[in-house]
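Residue numbers (UniProt numbering): 1 to 227.
The beta-carbon is built from N, C-alpha and C at its ideal position, and this holds for glycine as well.
On a predicted model such as this, the values are computed, not experimentally measured, just so you know.
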Ligand SMILES: [Zn+2]
């Protein structure tokens with residue numbers, strides 16, 4: 001995704017979906033979504049090509065309401081698939097982009113694009129704690145690699161006196177998921193290996209309600225009926 005290893009901030013890549021169905025779906029308004037408001041977008045253009053400036057004005061500015069001063073950089077790298085790479089001036093602007101993009105994904109012009117996060121926000125130091133020294137590091141790594149990609153050796157979590165707490169941590173790259181919080185697929189907060197249950201923590205982990213199963217709040221703040 002980012003082979004050079006450069007850190008990128010608040011950045012997203014949009015690629016034009018090359019299939020004919022995607023274009024037809026956009027033209028015919030499938031899936032029953034109300035889209036009259038999006039007629040101002042570039043939907044009437046032949047959807048094969050859009051210049052960088054057209055994309056900036058029609059999609060980012062007119063379509064999504066960004067102003068040029070909020071954009072750090074907009075590039076259209078050459079390649080067989082039409083691609084735009086946008087970086088925003090701050091994380092809040094990228095989050096605004098994600099919210100608009102995800103809520104309008106079935107409407108033109110957004111339904112012609114796929115969005116991939118480019119920022120390094122999907123790399124996390126993930127701590128797994130079983131409170132038990134017997135759990136095999138290898139088994140935890142197998143679990144982590146099922147949902148994400150491990151990018152470092154496991155390291156023991158030590159206390160102030162350098163005594164191992166039973167916790168282990170890894171640098172882990174989460175997988176992109178346009179529907180996930182922050183554009184990535186998040187890990188479960190619990191891990192079960194055999195009869196042992198452990199906890200999983202990392203910075204930016206979304207709150208998952210144990211009562212209703214929804215993201216964004218914890219059970220203590222849940223407004224759904226208690227089971
Ligand atoms: Zn809830």
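- Item | residue 186 Cβ short of 8 Å to ligand 1 heavy atom set | Start at 1 with the first residue of the chain shown, and residue 186 comes out as number 186. No, the Cβ of residue 186 stays beyond 8 Å of every heavy atom of ligand 1.
- Item | residue 77, enclosing beta strand (DSSP E) - first and last residue | By one-based count along the chain shown, residue 77 stands at place 77. Residue 77 -> no beta strand (DSSP E), and no H or E assigned at all.
- Query: If you draw a straight line from the C-alpha of residue 114 to the C-alpha of residue 18, how long is it?
  - Reply: Position 114 of the chain shown holds residue 114. Position 18 of the chain shown holds residue 18. Taking the straight line from one Cα to the other gives about 10 Å.
- Item | Residue range of the unbroken beta strand (DSSP E) whose run includes residue 106 | Numbered from its first residue, the chain shown carries residue 106 at position 106. Looking at the DSSP string, residue 106 is not in any beta strand (DSSP E), and its letter there is neither H nor E.
- Message: Please report the straight-line C-alpha distance between residue 216 and residue 86, rounded to a whole angstrom.
- Response: What you label residue 216 is simply residue 216 of the chain shown in a count that begins at 1. What you label residue 86 is simply residue 86 of the chain shown in a count that begins at 1. If you take the alpha carbons of residue 216 and residue 86, they lie about 27 Å apart.
- Would you be able to state if there are at least three C-beta pairs under 8 Å between the stretch 159-174 and the stretch 135-147? yes
- Query: Per the contact definition of three or more C-beta pairs closer than 8 Å, is the stretch 150-162 in contact with the stretch 92-100?
  - Reply: no
- Message: Here's a check: name, in chain order, each residue in its chain whose Cβ is nearer than 6 Å to the Cβ of residue 55, leaving out the five neighbours to either side.
- Response: Stepping through the chain shown from its first residue, residue 55 is reached at position 55. Here the set comprises 84.
- Message: Under DSSP, the alpha helix (DSSP H) around residue 140 begins and ends at which residues?
- Response: By 1-based counting over the chain shown, the position of residue 140 is 140. From DSSP, the alpha helix (DSSP H) with residue 140 extends over 137-147.
- Message: Could you give the first and the last residue of the continuous beta strand (DSSP E) run that contains residue 13?
- Response: Taking the first residue of the chain shown as position 1, residue 13 is located at position 13. Its beta strand (DSSP E) spans residues 11-16.
- Task: In the DSSP assignment, find the beta strand (DSSP E) that holds residue 198 and state where it starts and stops.
- Result: Within the chain shown, the letter at position 198 stands for residue 198. Run containing residue 198: 196-201, per the beta strand (DSSP E) assignment.
- Query: Looking at residue 223 and ligand 1, is the gap between the Cβ and the nearest heavy atom below 8 Å?
  - Reply: Position 223 of the chain shown, counted from the start, is the residue given in the question as residue 223. Flag set: Cβ of residue 223 near ligand 1.
- Message: Let me check you understand the geometry: is the CB of residue 134 closer than 8 Å to at least one non-hydrogen atom of ligand 1?
- Response: As a first step, residue 134 is located in the chain shown; it is residue number 134 there, counting from the start. No, since every heavy atom of ligand 1 falls outside the 8 Å radius drawn around the Cβ of residue 134.
- Message: Among the candidates 188, 194, 78, whose CA atom is the shortest distance from the CA of residue 200?
- Response: For the purposes of this step, residue 200 is taken as the residue at position 200 of the chain shown. Residue 200 has its Cα closest to that of 188, out of 188, 194, 78.
- Query: What do you reckon, are the CB atoms on residue 130 and residue 198 nearer than 9 Å?
  - Reply: Position 130 of the chain shown, counted from the start, is the residue given in the question as residue 130. Position 198 of the chain shown, counted from the start, is the residue given in the question as residue 198. In contact: residue 130 and residue 198 (Cβ atoms closer than 9 Å).
- Query: In whole angstroms, what is the alpha-carbon distance linking residue 213 and residue 59?
  - Reply: Residue mapping note: residue 213 aligns to position 213 of the chain shown, counting from 1. Residue mapping note: residue 59 aligns to position 59 of the chain shown, counting from 1. About 34 Å.
- Which of helix, strand or coil DSSP assigns to residue 94: Your numbering for residue 94 matches position 94 in the chain shown. Residue 94: helix per DSSP, three-state reduction.
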